[in-house]
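Here is the structure we will look at, set down as structure tokens.
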Amino acid sequence: MSAPADTLTQALRALAAHRLRTALSVLGITIGIAAVMAVVTIGKGGNYLVFSELETFGLNSAWVYRDRNDTPPGEPQREGSGIDAADVTAIQARAARLGIRRLTPLVYPDRNMSIAQGNRRVDADLSGVGAAHVDIVNDELVAGRGFHAVDITARHAVALLAPDVAADLLDPQQPGVGQDIRIDGRRFRVIGLLAPKSRDFLSSIGSAGGQSANDRLLVPWTTLASMGGEPDGVDSLQLEVVDFGSAQRVTDRVRSLLKRRHPQGLEYGGETMASYIATTDRILGGVAIIGTVAASISLLVGGMGIMNMMGTAVLERTREIGVRKAIGATERDIMAQFLVEAALISVAGGLLGLLIGTAASVVLAAVTGFPLVPSPVAILAALAVSVLVGLLSGWLPARRAARMHPVEALRAD
Amino acid sequence: MIELADIVKGYRSASLSLTVLRGVSLSIARGEFVAIMGPSGSGKSTLLNVIGCLDGFDAGGYRFAGEDVGTLGTDALAALRARRLGFVFQSFNLISQLDALGNVALPLVYAGDVARADRLERARRGLADVGLADRLHHRPAELSGGQRQRVAIARALVNDPDVIIADEPTGNLDSATGKEVMAMFERLHARGRTIVMVTHEVEVAAHASRRVTLRDGRVVEDVAMCSAA
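Residue numbers (the numbering used here), protein chains in the order written: chain A, 2 to 414; chain L, 231 to 459.
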């Protein structure tokens, strides 16, 4: 039996004798490993990005609203938003027991309301919210203040503007805070400006409902409700639960509480951020599986390239195999020689693939704003896979070489 | 050294069955230089392959230095070739990617348990012995036919084998280089090496101490000769 170092030297020499062929086989594995790396990077980066964007809605958020399909067929539609100021107060009073940290009513305009300053008009998402809203959705103020309790109770005509609205609507010569705007003809004072938020990625896959986070305009919910037909009506409640895992349970409790308080037979629906996250995870997981399968196929093709090359090498070197056997090489010596050649090609391809994959990830991160999440596990796995691919694809040709009959091998041209 | 008893060996394929050796008994003592002769198809190459433990046989018995070759597995046969046999082929059969030194050292790689520095030193001495001290790092393609066969002889000798197996060692050489190579064999014989050589040339066989002639897979003549040298 020959020593490992000698086997390695021989393998390197044999590979060096066929540089182009070796390079092409290496390239096959390089592409495969680079593809795997890219998929892993995109998967991890995408996941990170989605989570950081979901955070802008509040990860512990849950929503409760009236389910308008609660009227039995044939009966007249039951009126009302189903949630009123008394409900809000009642839930607020039981908040700790229900597992709610804080909550905000949400009110949406019941008709198209114009938003203007002088002759400037914007088209923005107008909502009425409570004082806790800013904290629940992780909004930050770049100027002014948020809503105080008195703004809500006294139905003050004050507004918070997200950056796009502020830029399109306000007089750029003056400080934004303190300017007046008109909503549906009524005068509102700007009391605060919100910091920009990124939801580009979510918007691009549709999970954000097409709503841009920077196109929002917030007013006290009581004020907005009073401008519509139902001065105390709340369209939905946004809850921030104490414990992420209990979001569904808390939502169910609030729903049954609301049902008890409205015995005329109203039904309530609920959604949690936790369930959105689960959905997003499923989508990303699906994308990752497709990507991994595609990358694995290119790795498989790379492996077949090695098998092809080693098969050719064994045929070409039949006589050499015969000579080596005649002068004392065992089957294991011959097997090791060809396996090491295959593994070397594969490992070289793996290392090169890692390099290219990493470079591609860096470029990708720079272009798309994906965060670069380095993964030592992925790197080790890629190397392990490339060694494995080399050994597997080298196995059959190497075994054929090892089992050649020395006399027949020596007779080859 | 070599005891062949009634060796039978044939080749079978789908279309034909051919018995090449039909009961060959042959005994070669240590230090003999045996030339195996015979017309093509007589089975002389097959016999040499059996003696060199490159090929098996169907019936009969073979003892090499007391060992029953018929019972040995492939690894044991490889070890036998690595340590106790040296091969010289008609077409040299050097490995083209290795230089002369690497080719000569290769049997020691497979024999194992010889350190690299030691291997190279022994190979260097072997090449010096065949007059190629100045060709250590030439590859086979950069050497003449005679030089290649001398590298091959150095390779066959490097593991200090009990027996040298030579298959038409002068077949690919012009007569002058052929004579040189045979002179080298005679010197080895004179120093006590056992050599078994196949040839179809009478002048080449004349260098041996004993001539065994095969015909149709049987030994038809076995004569001792006074060395012509």
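C-beta atoms are modelled at their ideal positions from N, C-alpha and C, and glycine is treated no differently. As the structure is a computational prediction, the values presented were derived from the model and not from experiment.
Does A/I284 get closer than 8 Å to chain L when you measure Cβ to Cβ?
Taking the first residue of the first sequence as 1, we reach residue 284 of chain A at position 283. False, the Cβ-Cβ gap to chain L never drops below 8 Å.
Interface partners of L/L336 on chain A, CB under 7 Å
Along the second sequence, read from residue 1 onward, the residue named residue 336 of chain L stands at position 106. Correct list: I328.
Consider the Cβ of L/L284: report whether some Cβ of chain A lies at a distance smaller than 8 Å.
Residue mapping note: residue 284 of chain L aligns to position 54 of the second sequence, counting from 1. By this cut-off, L/L284 is an interface position.
Counting only beta-carbon atoms, is L/F287 nearer than 8 Å to chain A?
Counting from 1 along the second sequence, the entry for residue 287 of chain L is found at position 57. Output row for L/F287: interface = no.
Who does L/M427 pair with in a DSSP beta bridge?
Position 197 of the second sequence, counted from the start, is the residue given in the question as residue 427 of chain L. According to DSSP, L/M427 bridges with L/A265 and L/A396.
So A/L240 packs on A/L104, CB below 8 Å; how close in whole Å?
Your numbering for residue 240 of chain A matches position 239 in the first sequence. Your numbering for residue 104 of chain A matches position 103 in the first sequence. Taking C-beta atoms under 8 Å as the contact rule, A/L240 and A/L104 qualify, at a distance of about 5 Å.
For A/E424, which of helix, strand or coil comes out of DSSP?
The structure shown has nothing for residue 424 of chain A, since chain A only spans 2 to 414.
What does the Cβ neighbour count give for A/R69, buried or exposed, with the cut at 16 atoms within 10 Å?
What you label residue 69 of chain A is simply residue 68 of the first sequence in a count that begins at 1. Result: exposed.
Starting from the beta carbon of A/V408, find every residue of chain L whose beta carbon is closer than 8 Å, and list them in chain order.
On the first sequence, residue 408 of chain A is found 407 positions in, with the first residue counted as 1. Among the residues of chain L, those whose CB is under 8 Å from the CB of A/V408 are N279, L284 and D285, following chain order.
Compare the C-alpha of A/A275 against each of A/V27, A/T42, A/G229 and A/N61 and name the closest.
Along the first sequence, read from residue 1 onward, the residue named residue 275 of chain A stands at position 274. The option with the nearest alpha carbon to A/A275 is A/N61.
Put L/F319 into one of helix, strand or coil per three-state DSSP.
Here residue 319 of chain L is taken as the residue at index 89 of the second sequence, counted from 1. In this structure, L/F319 counts as coil in the three-state DSSP scheme.
Beta carbon of L/Y340: closer than 7 Å to some heavy atom of the ligand COA?
The ligand COA is not part of this structure, which contains no ligands at all.
Considering Cα atoms alone, identify which of A/I32, A/Y277 and A/L356 is closest to A/Q249.
Residue mapping note: residue 249 of chain A aligns to position 248 of the first sequence, counting from 1. It is A/Y277.
Minimum Cβ-Cβ distance from L/G342 to chain A less than 8 Å
Residue numbering aside, residue 342 of chain L sits at position 112 when the second sequence is read from its first letter. Taking Cβ atoms only, chain A reaches closer than 8 Å to L/G342, which makes this a yes.
Buried versus exposed call for L/Q379 [16 or more other C-beta atoms within 10 Å across all chains shown]:
The sequence position of residue 379 of chain L within the second sequence is 149, counting from 1. L/Q379 should be labelled buried.
Under 8 Å between the Cβ atoms of L/L324 and L/G356?
Locating residue 324 of chain L in the second sequence gives position 94, counting from the first residue. Locating residue 356 of chain L in the second sequence gives position 126, counting from the first residue. No, Cβ-Cβ distance for L/L324 and L/G356 is not below 8 Å.
Closer than 8 Å by beta-carbon distance: list the chain A residues that pair up with L/T304, in chain order.
For the purposes of this step, residue 304 of chain L is taken as the residue at position 74 of the second sequence. Within chain A, the residues near L/T304 are T331 and E332.
Pair within 8 Å by beta-carbon distance, A/A24 and A/G358
Counting from 1 along the first sequence, the entry for residue 24 of chain A is found at position 23. Counting from 1 along the first sequence, the entry for residue 358 of chain A is found at position 357. No, the Cβ-Cβ distance between A/A24 and A/G358 is not below 8 Å.
N-terminal and C-terminal residue of the beta strand (DSSP E) that A/Y49 is part of
By one-based count along the first sequence, residue 49 of chain A stands at place 48. Run containing A/Y49: none in the beta strand (DSSP E); it sits in the alpha helix (DSSP H), R20 to L55.
Stretch-stretch touch, CB-based, cutoff 8 Å, three pairs: the region 274-293 of chain L with the region 395-409 of chain A
yes
Between A/L285, A/L50 and A/A360, which lies nearest to A/P372 when the distance is taken from Cα to Cα?
By one-based count along the first sequence, residue 372 of chain A stands at place 371. Taking only the C-alpha atoms, the option nearest A/P372 is A/L50.
Measuring CA to CA, which of L/I394, L/L362 and L/D397 is closest to L/D381?
Stepping through the second sequence from its first residue, residue 381 of chain L is reached at position 151. Note that residue 381 of chain L corresponds to Val in the displayed sequence, not to Asp. The candidate whose alpha carbon is nearest that of L/V381 is L/L362.
Over what stretch of residues does the beta strand (DSSP E) that includes A/D233 continue unbroken?
Counted from its first residue, the first sequence places residue 233 of chain A at position 232. Segment: none, A/D233 is in no beta strand (DSSP E) and carries neither H nor E.
Residue environment, L/G296, which counts as buried when at least 16 other CB atoms sit within 10 Å
One-based indexing of the second sequence puts residue 296 of chain L at position 66. Exposed.
If we count the other Cβ atoms within 10 Å of its Cβ and call it buried at 16 or more, is L/Y241 buried or exposed?
Working through the second sequence from its first residue, we reach residue 241 of chain L at position 11. Classification for L/Y241: exposed.
Between L/I325 and chain A, is any beta-carbon pair separated by less than 8 Å?
Against the second sequence, residue 325 of chain L aligns to sequence position 95. Taking Cβ atoms only, chain A reaches closer than 8 Å to L/I325, which makes this a yes.
DSSP on A/L373, reduced to helix/strand/coil?
Residue numbering aside, residue 373 of chain A sits at position 372 when the first sequence is read from its first letter. Looking at A/L373 - three-state DSSP - the assignment turns out to be coil, as it is neither helix nor strand.
A/D7 touches chain L at which residues, Cβ-Cβ below 8 Å?
If you number the first sequence from 1, residue 7 of chain A lands on position 6. The contacting residues are V339 and R346.
So which residues on chain L does A/S3 lean against when the C-beta distance must stay under 7 Å?
For the purposes of this step, residue 3 of chain A is taken as the residue at position 2 of the first sequence. Those are V339, Y340 and G342, listed as they occur along chain L.
Backbone CA spacing between L/L373 and A/I328 [nearest angstrom]
By 1-based counting over the second sequence, the position of residue 373 of chain L is 143. By 1-based counting over the first sequence, the position of residue 328 of chain A is 327. Straight-line Cα distance between these residues: approximately 21 Å.
Locate the beta strand (DSSP E) running through A/L170, then write down its first and last residues.
As a position in the first sequence, residue 170 of chain A is number 169, starting the count at 1. A/L170: not part of any beta strand (DSSP E); member of the alpha helix (DSSP H) spanning P164 to L170, first to last residue.
Beta-carbon gap between A/I32 and A/G303 smaller than 8 Å:
Taking the first residue of the first sequence as 1, we reach residue 32 of chain A at position 31. Taking the first residue of the first sequence as 1, we reach residue 303 of chain A at position 302. Yes, they are a contact pair.
8 Å contact criterion, which L/A330 and L/R365 should meet: CB distance rounded
Here residue 330 of chain L corresponds to residue number 100 of the second sequence, with the count starting at 1. Here residue 365 of chain L corresponds to residue number 135 of the second sequence, with the count starting at 1. Indeed, because the Cβ distance is near 5 Å, the residues count as touching under 8 Å.
With respect to the alpha helix (DSSP H) encompassing L/A345, which residues constitute its N-terminal and C-terminal limits?
Position 115 of the second sequence holds residue 345 of chain L. L/A345 -> no alpha helix (DSSP H), and no H or E assigned at all.
Proximity below 8 Å, CB of L/A396 to CB of L/V299
Position 166 of the second sequence, counted from the start, is the residue given in the question as residue 396 of chain L. Position 69 of the second sequence, counted from the start, is the residue given in the question as residue 299 of chain L. No, Cβ-Cβ distance for L/A396 and L/V299 is not below 8 Å.
Touching by the beta-carbon criterion (3+ pairs, under 8 Å), the region 298-313 of chain A and the region 86-99 of chain A
no
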